[in-house]
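For reference, the structure is listed below as structure tokens.
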Amino acid sequence: MSRRILRGQQVPIYIRLTEVNQYITCHLCGGYLIDATTLTECLHTFCKSCLIMYIKKNELCPTCDVLIHPSNPVLSLKLDRTIQEIVYKLLPYIEEDEKAREVRFWKERNLEQPQKELPSPEPVVAPRNTELHVAVLLEYAGSSEGCPTFKPLPKKYILVPNRVTVSQIQRFITHKLNIQSPLEVDVLCEEDILEPDVTLKQIWAQSTEEQMEDGMLCLYYSISNTQEEPS
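Going by the UniProt record's numbering, the residue at position 5 of the sequence shown is 5; the numbering climbs one at a time, nothing skipped.
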């Protein structure tokens, strides 16, 4: 329930919970958000514990498939106290139940209850199995005629799993450069435009020395306009 001002008086405005459920629900567990944590790359929010478990085996946002982080997903997690406060104000019993559950959990184990915080990110180092990852250098190849010119990516080097597809690289660049429709990103290997469903593993397997730079796979990206010009 919220309030509005009407002729000097506050009048309550009633909102159905079903109208806001999608904004206060974790899409991983299906429950209401607990320790709401937002991905800084795409601003989608989940329960902290759900997200921590998810990123142990996944590198893409479970909602929009945006790459969470090129090498260390924990760096892209941020506690969202604003959303969590909204959840607790709309559903005060959730906060009470959560606090009681946590106190009971630590008390039963005779342990001191830890402070709530995200785990400290580990130093960015080479993956345990480098054969499962590909080092990619993304070079800006310009824009087609009639398209605005974009600044190159501030960080053009990424280290990603070899199963990542071209379409995911396209979405990553689109998000980073804030490219809006009808503009779109094309990813090229030398002069060939790559199909969206091709994986980096497939590109790497067919790459030549000319397509490598300091041990990295060199890919190019350009911006084009998908909107047909009037005849």
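The C-beta atom is built at its ideal place from N, Cα and C for all residues, glycine as well.
Spatial neighbours of L79 in its own chain (CB-CB distance under 6 Å, excluding positions within 5 residues in sequence) are listed in chain order as T37. With contact defined as three or more Cβ pairs closer than 8 Å, the region 183-195 and the region 209-223 are in contact. Uninterrupted beta strand (DSSP E) stretches at least 3 residues long and entirely within the region 145-194 occur at 157-161 and 183-189, given in chain order. Annotated three-state conformation of L39 is strand, per DSSP. Closest in C-alpha terms to Q170, from the list Y54, C26 and T199, comes T199.
CA-CA distance, L137 to T165, rounds to 15 Å.
With at least 16 other beta carbons inside 10 angstroms of its own, L194 counts as buried.
Here DSSP, grouped into helix, strand and coil, assigns C50 to helix.
Nearest to I223 by C-alpha distance, out of T174, I24, Q202 and A205, is T174. In this structure, I179 is the residue among N162, I179, P161 and S167 with its C-alpha nearest to the C-alpha of K151. Listed as beta-bridge partners of N225 by DSSP are L183.
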